[in-house]
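J.:
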Amino acid sequence: MSVHIGRVQSPRIIRIGGGVALEIADVLTQLGLSHPMIVTDRNLVAMGHVATVTDVLDTSGVPWGIFDGVIEDPTDACVAEGLTALAKARYDCIIGFGGGSPMDTAKALSFMAVNPGHVRDYKAPAQIDRCGVPVILIPTTGGTGSELTRWCVITDTTNPEKYNLSGLACVATAALIDWTFTTTKPARITADTAVDSLTHAIEAYVSRKAFAYTDAFALAAMPMIAANVRKACADPEDGPAREALMLAAAQAGMAFSNASVALVHGMSRPIGAHFHVAHGLSNAMLLPEITAFSIDAAPERYATCARVMRMADDMDSHSVACRKLVDGLRRLNDDLDVPRPQDLGLAVDDAILDLMADQALASGSPQNNPRVPTKDEIIQLYRAVW
16 MSVHIGRVQS PRIIRIGGGV ALEIADVLTQ LGLSHPMIVT DRNLVAMGHV ATVTDVLDTS
76 GVPWGIFDGV IEDPTDACVA EGLTALAKAR YDCIIGFGGG SPMDTAKALS FMAVNPGHVR
136 DYKAPAQIDR CGVPVILIPT TGGTGSELTR WCVITDTTNP EKYNLSGLAC VATAALIDWT
196 FTTTKPARIT ADTAVDSLTH AIEAYVSRKA FAYTDAFALA AMPMIAANVR KACADPEDGP
256 AREALMLAAA QAGMAFSNAS VALVHGMSRP IGAHFHVAHG LSNAMLLPEI TAFSIDAAPE
316 RYATCARVMR MADDMDSHSV ACRKLVDGLR RLNDDLDVPR PQDLGLAVDD AILDLMADQA
376 LASGSPQNNP RVPTKDEIIQ LYRAVW
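Using my numbering, read the sequence shown as starting at 16 and increasing by one per residue.
1) For Gln142, which of helix, strand or coil comes out of DSSP?
2) Which same chain residues end up closer than 6 Å to Met282 when comparing Cβ atoms and leaving out the 5 residues on each side of it in sequence?
3) Rounded to a whole number of angstroms, what is the C-alpha to C-alpha distance between Ala293 and Arg346?
4) Would you mind giving the Cβ-Cβ distance between Gln45 and Ile28, rounded to the nearest angstrom? I have them listed as a contact below 8 Å.
5) Please name the residue in Ala92, Ser125 and Ile153 whose C-alpha comes closest to that of Ala40.
6) For Asp349, report the span of its alpha helix (DSSP H) as first-last.
7) Assign Asp391 to one of two classes, buried (16 or more other C-beta atoms within 10 Å of its C-beta) or exposed (fewer than that).
8) Since I believe Ser49 is in contact with Leu107 (beta carbons under 8 Å), could you give me their beta-carbon distance rounded to a whole number of angstroms?
9) What does the alpha-carbon distance come out to for the pair Thr188 and Thr74?
10) Would you check if there are 3 or more beta carbon pairs closer than 8 Å linking the stretch 109-128 to the stretch 139-154?
11) Could you spell out the range, first to last residue, of the alpha helix (DSSP H) harbouring Arg30?
12) Does the separation of the CB atoms of Gly287 and Asp211 fall below 8 Å?
13) Which residue comes first and which comes last in the beta strand (DSSP E) that contains Met52?
14) Does the distance from the C-beta atom of Ala267 to that of Gly160 stay below 8 Å?
15) Do Arg223 and Tyr178 have their C-beta atoms closer together than 8 Å?
16) Once DSSP output is grouped into helix, strand and coil, what is the label at Ser17?
17) With a threshold of 6 Å on Cβ separation, who are the neighbours of Phe290 within its own chain once the five nearest residues in sequence on each side are excluded?
18) Between the beta-carbon of Ala206 and the beta-carbon of Leu59, is there less than 8 Å?
19) Going straight from the alpha carbon of Val85 to that of Glu315, what length do you get?
20) Do Ala216 and the ligand ADP come close, with the Cβ less than 7 Å from some heavy atom?
21) Three or more C-beta pairs under 8 Å: does that hold for the stretch 158-173 against the stretch 103-121?
22) Which residue's Cα is closest to the Cα of Val400: Asn298, Val335, Arg322 and Arg386?
23) Between the alpha carbons of Met16 and Ala139, how many angstroms are there, rounded?
24) Quick check on the DSSP output: the beta strand (DSSP E) that includes Tyr178 runs from which residue to which?
25) Straight-line CA distance for Ala184 to Arg22?
26) Which value, in whole angstroms, describes the spacing of the CA atoms of Glu304 and Leu278?
27) Excluding the 5 residues flanking Cys337 on each side, which residues of the same chain have their C-beta closer than 7 Å to its C-beta?
28) Taking only the alpha-carbon atoms, compute the straight-line gap between Thr90 and Cys167 and give it to the nearest angstrom.
29) Nearest to Leu191 by CA position, among Leu262, Ile393, Ala241 and Leu180, is which residue?
30) Could you check whether Ala219 and Ala225 sit closer than 8 Å to each other, using their CB atoms as the reference points?
31) List the endpoints of the continuous alpha helix (DSSP H) containing Val400.
32) Can you give me the start and stop residues for the alpha helix (DSSP H) that Thr195 sits inside?
33) In chain order, what residues of the same chain have a beta carbon less than 6 Å from the beta carbon of Lys246, not counting five sequence neighbours either side?
34) For Thr152, list the residues DSSP reports as bridge partners.
35) Bridge partners for Gly34 per DSSP, in chain order?
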């Protein structure tokens, strides 16, 4: 790997463990905050999860408001609606509660409240460093890692595209990582979010921007996900497995936030933008094929991934370990019933593949990959995955 100067951004407060969401009032007091707007979705309200937080705020005498209009793969229109809600009162902070969509929306609302223009004006490689009100994030899935990253993703409604947004303004002020919310997640969401985390960890470790700090988080996350995802899918109430996946998601988030993701994510976002496939699922669809494409450019790194996940033995050569890694990732997809795009009835033609390849390259993520693809290679990879 090339020498890379590490620059780390992370929340000021991180609390991890079962029940830490109940400490929300204490965290607000610690930060000198007193009037939050909760950003979430209606499903989490209906399930009673949001009440876990609001009951604590009510008991502590903390007034709060709510924007529960977040949709899956939040759009610029969703952000605009949230900004209208944010302007209705003098909120001094935002609580993002949910999976990646509410957390990313919370970040975007904070910085767009103080930065001019449209959210698309700030897509990567722009760095958004003018910060809005503090953001406290409480994840309810063990997957995105958004609670610890300097990234968020918003979908454009004018020209279907998912764009990355990055910078200090996308870093939460505090993160409360409470695994107890994840026990209600169905197997499909559990699997998809876990493989999303695994992709974060693997891509951060093989990224051209990887360095020792991010390596430590990535290498810790990979084996925990590999050892626990099947258990959590088989038994939603398996507390130790759920806790391990939540911790691993946070570790993988720290890894990719500071080392960046690579080709899988670059190719995944256009699938989500054009076909509305969940982000974790599109990552899972791509991961084995992209890994097979990339391993020759970083065999030692990929072999280490295989060994820490016990897909390969310590005595295996790098080439053997790399082959076992690809086989292991394909076997994991089989065990988790990950479909191919064609299994979902999704069809592509030359025009959409050409556009998706352009969007993947424009994201910048493929340039972090050990093997940097051409546009034609990305198109061929899409065809292979389909």
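Using N, Cα and C, we set each Cβ at its ideal position, and we do this for glycine too.
A quick note: this is a predicted structure, and the numbers were derived from the prediction, not measured.
T.: Per the coordinate set shown:
1) Position 127 of the sequence shown, counted from the start, is the residue given in the question as residue 142. Looking at Gln142 - three-state DSSP - the assignment turns out to be strand.
2) Taking the first residue of the sequence shown as position 1, residue 282 is located at position 267. Excluding positions up to five away in sequence, the list reads Leu301 and Ala375.
3) Locating residue 293 in the sequence shown gives position 278, counting from the first residue. Locating residue 346 in the sequence shown gives position 331, counting from the first residue. Cα-Cα distance, rounded: 21 Å.
4) What you label residue 45 is simply residue 30 of the sequence shown in a count that begins at 1. What you label residue 28 is simply residue 13 of the sequence shown in a count that begins at 1. About 7 Å separates the two Cβ atoms, so the contact holds.
5) Indexing the sequence shown from 1 puts residue 40 at position 25. Nearest C-alpha to Ala40: Ile153.
6) Walking along the sequence shown from the start, residue 349 turns up at place 334. Looking at the DSSP string, the run of the alpha helix (DSSP H) that includes Asp349 is His333 to Asp350.
7) For the purposes of this step, residue 391 is taken as residue 376 along the sequence shown, with counting starting at 1. That one is exposed.
8) Indexing the sequence shown from 1 puts residue 107 at position 92. Indexing the sequence shown from 1 puts residue 49 at position 34. Reading off the sequence, residue 107 comes out as Asp, not Leu. With a Cβ gap of about 6 Å, Asp107 and Ser49 count as contacting.
9) Residue mapping note: residue 188 aligns to position 173 of the sequence shown, counting from 1. Residue mapping note: residue 74 aligns to position 59 of the sequence shown, counting from 1. Those two C-alpha atoms are separated by around 23 Å.
10) The stretch 109-128 vs the stretch 139-154: in contact.
11) Along the sequence shown, one-based indexing puts residue 30 at 15. It is not in any alpha helix (DSSP H) - Arg30 instead sits in the beta strand (DSSP E) that spans Ile28 to Ile31.
12) Taking the first residue of the sequence shown as 1, we reach residue 287 at position 272. Taking the first residue of the sequence shown as 1, we reach residue 211 at position 196. Cβ atoms of Gly287 and Asp211: not closer than 8 Å.
13) Position 37 of the sequence shown, counted from the first residue, corresponds to residue 52. Pro51 to Val54 is the span of the beta strand (DSSP E), which, as asked, contains Met52.
14) Here residue 267 refers to the residue found at position 252 of the sequence shown. Here residue 160 refers to the residue found at position 145 of the sequence shown. Contact flag set, yes.
15) On the sequence shown, residue 223 is found 208 positions in, with the first residue counted as 1. On the sequence shown, residue 178 is found 163 positions in, with the first residue counted as 1. Contact flag unset, no.
16) As a first step, residue 17 must be located in the sequence shown, where it is residue number 2. Note that Ser17 has pLDDT 48, beneath the 50 cutoff, so the model's placement of it is unreliable and no number is given.
17) On the sequence shown, residue 290 is found 275 positions in, with the first residue counted as 1. Once the five neighbours on either side are set aside, the close Cβ partners of Phe290 are Leu361.
18) To locate residue 206, count along the sequence shown from 1; it is residue 191. To locate residue 59, count along the sequence shown from 1; it is residue 44. Not closer than 8 Å, so no.
19) Taking the first residue of the sequence shown as position 1, residue 85 is located at position 70. Taking the first residue of the sequence shown as position 1, residue 315 is located at position 300. Between Val85 and Glu315, the C-alpha separation is close to 42 Å.
20) Annotation note on the ligand ADP: not contained in the displayed structure, which lists no ligands.
21) yes
22) By 1-based counting over the sequence shown, the position of residue 400 is 385. Of the listed residues, the one whose Cα sits closest to Val400 is Asn298.
23) For this step, residue 16 is matched to residue 1 along the sequence shown. For this step, residue 139 is matched to residue 124 along the sequence shown. Here Met16 scores only 44 on pLDDT, less than 50, and its place in the model is too uncertain to base an answer on.
24) Within the sequence shown, the letter at position 163 stands for residue 178. From DSSP, the beta strand (DSSP E) with Tyr178 extends over Glu176 to Ser181.
25) Stepping through the sequence shown from its first residue, residue 184 is reached at position 169. Stepping through the sequence shown from its first residue, residue 22 is reached at position 7. Cα to Cα, the separation comes out at about 15 Å.
26) Numbered from 1 along the sequence shown, position 289 holds the residue referred to as residue 304. Numbered from 1 along the sequence shown, position 263 holds the residue referred to as residue 278. Distance between the alpha carbons of Glu304 and Leu278 is about 11 Å.
27) The residue labelled residue 337 in the question sits at position 322 within the sequence shown. Here the set comprises Ile310, Pro314, Tyr317, Ala318 and Ala321.
28) Taking the sequence shown and counting its residues from 1, one reaches residue 90 at position 75. Taking the sequence shown and counting its residues from 1, one reaches residue 167 at position 152. Spanning the two alpha carbons is a distance of roughly 12 Å.
29) Counting from one through the sequence shown, the residue named residue 191 turns up at place 176. If we check each option's Cα against that of Leu191, Leu262 comes out closest.
30) As a working note, residue 225 is residue 210 in the sequence shown. As a working note, residue 219 is residue 204 in the sequence shown. For the pair Ala225 and Ala219, the CB atoms are nearer than the 8 Å cut-off.
31) For this step, residue 400 is matched to residue 385 along the sequence shown. Looking at the DSSP string, the run of the alpha helix (DSSP H) that includes Val400 is Lys390 to Val400.
32) Within the sequence shown, numbered from 1, the residue matching residue 195 stands at position 180. Note, Thr195: premise wrong, no alpha helix (DSSP H); not H, not E.
33) Numbered from 1 along the sequence shown, position 231 holds the residue referred to as residue 246. Excluding sequence neighbours, Lys246 sits near Asp253 and Ala256.
34) Your numbering for residue 152 matches position 137 in the sequence shown. The question names Thr, but residue 152 is Leu in the sequence shown. Bridge partners of Leu152: Gly111 and Ala190.
35) Translated into positions along the sequence shown, residue 34 becomes position 19. BP columns for Gly34 are empty, so no partner.
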